[in-house]
Every structure is written in C-alpha cells, then in structure tokens.
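S.K.:
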Amino acid sequence: SETEEGAADDEGPLEMTKAFTIGAARTFEADPRFGLIALSEIASRALSPAVNDPGTAIAVIGAQLRLLSCWVRVDPEATGPEVSHDRVFVAPLSLSSMLDDAFTAISRDGAGTVEVGIRLQKSFLSLSCLGHTALTRSARAHSKAHLARAERAMSHPADLAEISGWASRVQEPRSVGVDAFAELPTG
946 SETEEGAADD EGPLEMTKAF TIGAARTFEA DPRFGLIALS EIASRALSPA VNDPGTAIAV
1006 IGAQLRLLSC WVRVDPEATG PEVSHDRVFV APLSLSSMLD DAFTAISRDG AGTVEVGIRL
1066 QKSFLSLSCL GHTALTRSAR AHSKAHLARA ERAMSHPADL AEISGWASRV QEPRSVGVDA
1126 FAELPTG
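The sequence shown begins at 946 in my numbering and counts up by one.
1) Would DSSP call residue 999 helix, strand or coil?
2) Compute the Euclidean distance between the alpha carbons of residue 1039 and residue 1065, then round it to the nearest angstrom.
3) Can you tell me the Cα-Cα spacing of residue 1001 and residue 1088, whole angstroms?
4) According to DSSP, is residue 973 helix, strand or coil?
5) Out of 1018, 1058, 988, 1074, which one is the CA nearest neighbour of residue 1104?
6) Can you check whether the CB of residue 1054 is closer than 8 Å to the CB of residue 992?
7) Spatial neighbours of residue 1081 within its chain, please: CB distance less than 6 Å, with the 5 preceding and 5 following residues excluded, ordered by chain position.
8) Classify residue 1094 as helix, strand or coil using the three-state DSSP reduction.
9) Using a Cβ-Cβ cut-off of 6 Å (strictly less than) and excluding sequence neighbours within five positions of residue 1056, which residues of its own chain qualify?
10) Would you report the Cα separation of residue 1128 and residue 1118, rounded to the nearest angstrom?
11) Can you tell me the Cβ-Cβ gap for residue 1092 and residue 1109, rounded? I've got them flagged as a contact below 8 Å.
12) Would residue 1115 be called buried (16 or more neighbouring beta carbons within 10 Å of its own) or exposed?
Quick look at the structure:
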C-alpha cells in the first residue's frame, strides 16, 4: 500500500504476517484435533500392558467428553456465517473426525477392560443426548464399534452384558435435554 506522500508502506505485509503462525509442528491452539489426538495417545499408553492404568484412560475419556460437549455448545449445528475470501482456505472441522480422534484408539486399546468400556459407552450416551444430529450419529456409530471390539476382547459374560446394556441405551432415540441417566438403576 502507499502512504499519503505516495511512498510504499512497508509495514502492511509485516503486520499481516503477525496474523499467522507458521511452523513445522502442529499446535493445540491452531489445531483442535491435535489436542484430541494427544489426549487419546495418553489414554492408549495408559492402557498398554506395560502401564496398565485404566484410571488415566477413564480420566482422558472424561476430558474428551467435556471438550466435545463445550465444542457443541459453542457451535450447535451451525456452520457459521458464509464468508467468502477467495485466497484463504481453512479445512472445516468434522465432528465425526473429531470423535474418531478422541475415541477410536481408546476403544481399540480398552476393548477388554470393562471399566473403560462402560465409561466410553456412558460418554457416547451423553454426547448423543446433546441435540446435535451429526454428533448423535457419530456417537452411536462409535458405540456400536466399541461394542463389537468388546465382544471380541472380553471373556466374562457379565462384563460384556454391562457394556452391551449401555450400548443399547446409546442407540435409543431420546428427546434433547433428557437426563439419559435418570431412568437407570443406581448401584
């Protein structure tokens, strides 16, 4: 750009570059999926035979649930206003991909651990009750996939029945805002 005297303004491009972060590595600030993946890797490591710490995996599942719930509250079903910038491209975030990042590895590595399976199914149930169509669809798909993994990995019938019971609740249609846990027996 030019100043009033007609001389070139060299600060314009420099100021514009301050709006971008360019680097060789992903950052949590620039890439929300990267954060979900990092948490998932913590849980996977905790579930490894060398560590055998399902409590950490359960804590990660809770953190993933809170993050995804907040994401939906901030952007419920909305894709945002249509903004056209012909020289800027930002790939959209897909809730389905975000759930893949958050839960697939945990589901795979925790398939034989009943307490992890129950926490996953409860999380899928919570996500399916938030009133977001795409999130409900993805949570139900992840619930089915985890149940299939658990059926192959678990040998104790009572453990599998518990996970199967939670998975069936995830698949039931519900009204938005219904307390998904209200009708469940305590104890």
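For glycine and all other residues, C-beta sits at the position ideal for the given N, C-alpha and C.
M.R.: In terms of the structure at hand:
1) helix
2) 20 Å
3) 20 Å
4) coil
5) The candidate whose alpha carbon is nearest that of residue 1104 is 1058.
6) yes
7) 1073
8) helix
9) 1094, 1095, 1098
10) Below a pLDDT of 50, predicted positions are generally treated as unreliable, and residue 1128, at 48, falls in that range; no measurement from the model is reported.
11) 6 Å
12) By the 16-neighbour rule on beta-carbons within 10 angstroms, residue 1115 is buried.
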